[in-house]
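What follows is a short report on a single structure.
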Amino acid sequence: MRITWLTGLVLASCAATAAAHHSFSMFDMKKDVTVQGTVTDFRWTNPHAWMHIDVADAKGGATNWAIEMTSPNNLVSVGWRRSALKAGDKVTVTYHPLVNGKAGGSLVRVVLPDGKTLENK
Amino acid sequence: MKYWVAPLGVLAAVCLAAPGGAQQSAAQAADVMPQNVVPDKIWPASAPQVDFAALQKLPDWRGLWSPMLSANAKPEIPQLKGKYKTHYDEIQALIKSGDPEAQLKVERRSSACEPPGVPGIMTQPYNLEFLFTPGRVTVIQEAYMQVRRIFTDGRPLPEDPDPTFNGSSIGHWEGDTLVVTTIGLREGGTMGRWGITHSSKVKLTERIRLDPTNKDVLLIDNTFEDPEALVAPWHSSYQFKRERGFDQIEFVCAENDRNPINADGEVEFIGVGD
Chain W
18 MRITWLTGLV LASCAATAAA HHSFSMFDMK KDVTVQGTVT DFRWTNPHAW MHIDVADAKG
78 GATNWAIEMT SPNNLVSVGW RRSALKAGDK VTVTYHPLVN GKAGGSLVRV VLPDGKTLEN
138 K
Chain G
538 MKYWVAPLGV LAAVCLAAPG GAQQSAAQAA DVMPQNVVPD KIWPASAPQV DFAALQKLPD
598 WRGLWSPMLS ANAKPEIPQL KGKYKTHYDE IQALIKSGDP EAQLKVERRS SACEPPGVPG
658 IMTQPYNLEF LFTPGRVTVI QEAYMQVRRI FTDGRPLPED PDPTFNGSSI GHWEGDTLVV
718 TTIGLREGGT MGRWGITHSS KVKLTERIRL DPTNKDVLLI DNTFEDPEAL VAPWHSSYQF
778 KRERGFDQIE FVCAENDRNP INADGEVEFI GVGD
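These protein sequence lines map, in sequence, to chains W and G. Numbered by my numbering, the letters in the first sequence go through residues 18 to 138 in order. Numbered by my numbering, the letters in the second sequence go through residues 538 to 811 in order.
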C-alpha cells in the first residue's frame, strides 16, 4: 500500500517478484515535464486512477491529456481522496511523458488550486 | 403494451428454465450440481466438530503485512535446465544488453489484470492479511483481492490437481513457523525475477514466521524443487513489515483497465479518445 511505482520498479529489478499492474517502459521515466492545465475528468478507479487535463497547444487550442496514476489503494496513504480533483480545477502537473509522443504520461505530482501538492506514490 | 408482454413472458420462461445458466442440462437432469458428489472424506477444516481453542496457541499475525522489497536478500542464481535455462539466459542477456525496451520484453503479460500466482501473489506492491480458522490459514492479497487457502488440517496434497495460479497448498505448524507445501502451479509460472520460471511439476516449500528479534517483521523462506526445470533446489526469501493503521481496500482490476496487452505482447496506454 505504500510502495511507490518507481521504487517498486527499481527494487523489483534487483529483488523479489513485485510488478505493479504493468511495465513502465511506455513512459520516459527519466524525463519530467511540467505543464499547467485544466482538469476535465478525474477517475478514482483501479487498477489505476487517471486525470484528464486540457493543456494549451501551439495552435492556440487545447489538447486533452491522459495522465495515469497508481491505484486509489496506494494514493490514499499519501493524502489523496476521490474528491482531490474535480473538473474545472486549474492545476500544475508534472509527469513522465509517453515514449510514443502521444498525449499521455505517468504522474509525478500535481499542484492543486489551493497550492497543496499531491505526489503519485 | 401486449406487444411487449408476450416476448418478456417468453424471456422469463427461458430464464426460469435455466437457473444455472450455461451447462445446466446434465446437472438439471440429476437435480444436483455436478460437483456435489459425496466426498470420500470430510477433513477437519470443514467437519461438524471444531476446536477453536487450538487457535489460541498460534502466533499473532494480525494486521497487514507490506513487503519490504529493499530488505530482501539478492536471490540465488538458479541452476535451471532445458527450456527454462534457455529462457532465463535470454532474459538475462536482454537485461545486460542495455536495450531500452528490455523492461517491456521481460515483463510481457504482466498486465491485463492477470494474477501473478504463487509465489508472486505474496510480493505484490500491496499488502497481505492472514486469517486463522480451525484447520486452515487464509492469505488475502490486497492487489486484485486475491485469496490463497492453506489447509492445516492434516489432509494430503491432491494427487493430480488441475494446474492453477495459486496451486494447492497444505501446511503444518512447527512451533511458531508455518510450513507450507504447494503443488499444482501452472507451467511456465514465475518463481522469481528475472526470467526464473517453473514447470507444472514444481513443489514450493515456504517457511513463514515472525522475526524472533522483531515481532512486527514477518519472514518467508522459499525452497523450490522442480524435476523438469531445476538441477538443484532454488531459494529465495521475503520480508514484510506489519501495518496496524489501516485495512485492506477493495481492488477490482477490471474497473478501468486502460493498459491492456496488445497482440504483439506490448502494454498499451489508452489515452483520451483512443
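Quick reminder that beta carbons are idealized off the backbone N, C-alpha and C, glycines included.
In chain order, 735 and 761 place their CB closer than 6 Å to the CB of residue 728 of chain G, counting only its own chain and leaving out the 5 sequence neighbours on each side. Contact of residue 67 of chain W with chain G by beta-carbon distance below 8 Å involves 793 and 795. At a Cβ-Cβ threshold of 8 Å, residue 746 of chain G and residue 714 of chain G count as neighbours. Within the region 49-60 of chain W, those residues whose Cβ lies closer than 9 Å to any Cβ of chain G are, in chain order, 57, 58 and 60. Within the region 89-107 of chain W, those residues whose Cβ lies closer than 9 Å to any Cβ of chain G are, in chain order, 89, 90, 91, 93 and 94.
Looking only at G:581, G:592 and G:629, the smallest Cα-Cα distance to residue 667 of chain G is reached by G:592.
With its beta carbon less than 8 Å from one in chain W, residue 806 of chain G belongs to the interface. Here the region 592-604 of chain G makes contact with the region 768-783 of chain G; the two share three or more CB pairs at distances below 8 Å. For residue 90 of chain W, the enclosing alpha helix (DSSP H) has its first and last residue at 89-92. Inclusion of residue 742 of chain G and residue 716 of chain G in the CB contact set at 8 Å is warranted, their separation being smaller than that value.
Rounded to whole angstroms, the separation of the alpha carbons of residue 85 of chain W and residue 791 of chain G is 16 Å. Residue 109 of chain W and residue 97 of chain W have their C-alpha atoms roughly 16 Å apart.
When secondary structure is reduced to three states using DSSP, residue 114 of chain W falls in the strand class. Around residue 579 of chain G, no beta-carbon contact reaches into chain W at under 8 Å, the shortest distance being about 36 Å. Residues of the same chain with a CB within less than 7 Å of the CB of residue 57 of chain W, apart from the 5 flanking positions on each side, are 69, 70, 71, 81 and 104 in chain order. Assignment of beta-bridge partners to residue 775 of chain G by DSSP yields G:757. Annotated three-state conformation of residue 628 of chain G is helix, per DSSP. Taking the CA atoms as reference points, residue 114 of chain W sits about 31 Å from residue 785 of chain G. Residue-level contact check: residue 679 of chain G touches chain W, since one or more beta carbons of chain W fall below 8 Å from its beta carbon. Within chain W, the residues 63 have their CB atoms less than 7 Å from the CB of residue 789 of chain G, given in chain order.
Listed along chain W is no residue with a C-beta nearer than 7 Å to that of residue 739 of chain G; the closest approach is about 14 Å. With 16 or more neighbouring CB atoms inside 10 Å of its own CB, residue 759 of chain G falls in the buried class.
Counted as a single uninterrupted DSSP element, the beta strand (DSSP E) harbouring residue 684 of chain G occupies residues 683-688.
Residue state for residue 655 of chain G is assigned as coil, using DSSP reduced to three classes. In terms of beta-carbon proximity, residue 113 of chain W stays away from the interface with chain G, with every pair separated by 8 Å or more. Closer than 8 Å to the CB of residue 663 of chain G there is at least one CB belonging to chain W.
When Cβ-Cβ separations below 8 Å define contact, residue 809 of chain G makes contact with chain W. Under the 10 Å beta carbon count, residue 123 of chain W is surrounded by 16 or more other beta carbons and is classified as buried. Within its own chain, the residues whose Cβ lies closer than 8 Å to the Cβ of residue 598 of chain G, once the five positions on either side in sequence are excluded, are 667, 669, 747 and 755, listed in chain order. The beta carbon of residue 786 of chain G falls within 8 Å of a beta carbon belonging to chain W, placing the residue at that interface. Under the three-state reduction of DSSP output, residue 785 of chain G falls in the coil class, being neither helix nor strand. Secondary structure note for residue 728 of chain G: its beta strand (DSSP E) is the uninterrupted segment 727-729. Residue 73 of chain W sits in a strand when the DSSP states are folded into three classes. DSSP, reduced to helix, strand and coil, places residue 130 of chain W outside both helices and strands of the structure shown, so it counts as coil.
Residues of chain G with a Cβ closer than 7 Å to the Cβ of residue 121 of chain W are, in chain order, 806 and 808. Taking 8 Å as the cut-off, the beta carbon of residue 771 of chain G is found no closer than this to the beta carbon of residue 690 of chain G.
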